[in-house]
Amino acid sequence: MMVGPQGRAVGVEHIPELVAASIENVKKSAAAELQKEGSLSFHAADGRLGWPVLAPYEAIHVGAAALEVPQPLIQQLKPGGRMVIPVGNIFQDLKVVDKKLDGSISVYDETSVRYVPLTTRAAQLQGY
Numbered sequence: 001m002m003v004g005p006q007g008r009a010v011g012v013e014h015i016p017e018l019v020a021a022s023i024e025n026v027k028k029s030a031a032a033e034l035q036k037e038g039s040l041s042f043h044a045a046d047g048r049l050g051w052p053v054l055a056p057y058e059a060i061h062v063g064a065a066a067l068e069v070p071q072p073l074i075q076q077l078k079p080g081g082r083m084v085i086p087v088g089n090i091f092q093d094l095k096v097v098d099k100k101l102d103g104s105i106s107v108y109d110e111t112s113v114r115y116v117p118l119t120t121r122a123a124q125l126q127g128y
């Protein structure tokens, strides 16, 4: 299961049609109850800005490559939390970002990866 009874999972996507499709697909899955009770939610917004309304987060996974780690996502990471994000243009590294309990940040490269770019809505609709 992606989240326990006390947790929550949040999806952020800037294409409203993809958000709607995600919601409909979850309704047909074993996770439907999580969505119904509010433990799982999807939002149409710029993923580079995260979803500060429900922050802080213990874990953040970014599913597209950024040119650098977005500062708003670091700000939304809970002390003791971890973010995994692909960073780079053509050649990318999967970076692990840890926010220590004192609020300091450590970043290390886990492996080389290849993801689609984290872009604006307009760029995505134009094919990047």
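Read in order, the letters of the sequence shown are residues 1 to 128 in full-length UniProt numbering.
Using N, Cα and C, we set each Cβ at its ideal position, and we do this for glycine too.
Source: prediction; values computed, not measured.
Handout entry: Reduced DSSP secondary structure (H/G/I, E/B, other) of Glu37
Key = As a first step, residue 37 is located in the sequence shown; it is residue number 37 there, counting from the start. Glu37 falls in the helix class under three-state DSSP.
Handout entry: 8 Å Cβ cutoff, Val12 in contact with chain B
Key = Reference to chain B is not applicable here, since this structure consists of a single protein chain.
Exercise for the section: Have a look at Asp102 and Gln124 and give me their C-alpha separation to the nearest angstrom. Expected result: Position 102 of the sequence shown, counted from the first residue, corresponds to residue 102. Position 124 of the sequence shown, counted from the first residue, corresponds to residue 124. Distance between the alpha carbons of Asp102 and Gln124 is about 37 Å.
Problem - Bounding residues of the alpha helix (DSSP H) (the contiguous stretch that carries Ile23) - result: In the sequence shown, counting from the first residue as 1, residue 23 sits at position 23. Segment Pro16 to Lys27, the alpha helix (DSSP H) holding Ile23.
Exercise for the section: Could you tell me the distance, in whole angstroms, from the CA atom of Gln92 to the CA atom of Val107? Expected result: Walking along the sequence shown from the start, residue 92 turns up at place 92. Walking along the sequence shown from the start, residue 107 turns up at place 107. Taking the straight line joining both Cα atoms gives about 14 Å.
Practice task
Go ahead and pull the three-state DSSP assignment for Ala30.
Solution key: Residue numbering aside, residue 30 sits at position 30 when the sequence shown is read from its first letter. Correct three-state label for Ala30: coil.
Practice task
Closer than 8 Å by C-beta to Gln76: which residues in its own chain qualify, once you throw out the five before and the five after it? Chain order, please.
Solution key: Along the sequence shown, read from residue 1 onward, the residue named residue 76 stands at position 76. Cβ neighbours of Gln76 beyond the five flanking positions: Gly50, Trp51, Pro52, Ala55, Pro56, Tyr57 and Ile60.
Exercise for the section: State the start and end residues of the unbroken beta strand (DSSP E) segment that holds Ile85. Expected result: On the sequence shown, position 85 is the one that residue 85 refers to. Its beta strand (DSSP E) spans residues Leu77 to Gly88.
Exercise for the section: Can you have a look at Gly47 and say buried or exposed, based on whether 16 or more other CB atoms are within 10 angstroms of its CB? Expected result: For the purposes of this step, residue 47 is taken as residue 47 along the sequence shown, with counting starting at 1. Answer is buried; the Cβ neighbour count reaches 16.
Handout entry: Cα-Cα separation between Ala9 and Leu34, rounded to whole angstroms
Key = Within the sequence shown, the letter at position 9 stands for residue 9. Within the sequence shown, the letter at position 34 stands for residue 34. Cα to Cα, Ala9 sits roughly 9 Å from Leu34.
Practice task
Using a threshold of 8 Å, state whether the C-beta atoms of Glu24 and Ala44 are closer than that.
Solution key: If you number the sequence shown from 1, residue 24 lands on position 24. If you number the sequence shown from 1, residue 44 lands on position 44. Cβ atoms of Glu24 and Ala44: not closer than 8 Å.
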